[in-house]
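For the sequence shown, our numbering begins at 65 and goes up steadily by one.
From the three backbone atoms N, C-alpha and C, an ideal C-beta is built for every residue, glycine too.
Worksheet: the structure to be examined is printed underneath.
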Amino acid sequence: MAAPPFVRAMAYGSYDGGLRELIHLLKYGRVRPAAGVLGRMLAEVIQGFGSEFRSAVVVPVPLHRSKLRQRGFNQAEEIARAALKHLNRSELTLAAGVLERKRATESQTGLTDHQRQENVRGAFLVTSPEPIRDQDVLLVDDVFTTGATASECARVLRRRGADRVFVATVARVLKSEAAWATPEEIEEPRVLKAYA
């Protein structure tokens, strides 16, 4: 299996129990204050990178415009904004419009790894490369499943000039067959872990 096009991916915890419920409250219940709580969690993840990057352009994984219209907001962007407020670090710059999901993709749930990769291949486009050129990028999303979406986004960002891409998510789906998972993550799902 080829190495992912991002340097490292980290998550706050496993996608189950209360964390899953909180993410669902934001995404499907549209309880916007949940973004603040999730943002605090994401801020811890970002701090977990330590000195791996001094500054970074923060890019939330975008929704397709039809999904954005339906939901009314992009949960990844809301969580990223909340995290940056908690961190209050001027060297982290939010660039929400840099990446665009140019076509709707089907839900990744229930797809094989190969189907997930095919589902997102060519789905993302860098609309404004200037903010990311020769910069480290911190790609942010709510949930990391197998890494297909993060890998495709990172690939596109790097092709358009990003130096290195790091991935920070609130939750991580822990499955022994998921790409880049380690046995330690499966045994200790509630601990901040790196996986890449």
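Secondary structure, alpha helix (DSSP H): runs of 4+ residues fully inside the segment 67 to 148: 81 to 91, 98 to 112 and 129 to 135
Nearest-angstrom Cα separation, counted from G81 out to F188: 31 Å
Close Cβ partners of A242 (< 6 Å) along its chain, the five nearest in sequence each way excluded: Interpretation of A242 is limited by its pLDDT of 46, a score under 50 that renders its predicted location unreliable; the figure taken from the coordinates is listed afterwards. Counting only Cβ-Cβ distances below 6 Å, and skipping sequence neighbours, we find T210.
Can you tell me which residues form a DSSP beta bridge with V231? A73 and L203
Do you know whose CA, among S115, V109 and P126, lies nearest T191's CA? P126
DSSP three-state assignment for L156, whether helix, strand or coil: strand
Nearest-angstrom Cα separation, counted from H150 out to S171: 31 Å
Taking A235 as the reference, give the member of F70, A73, G77 and R72 with the closest Cα. G77
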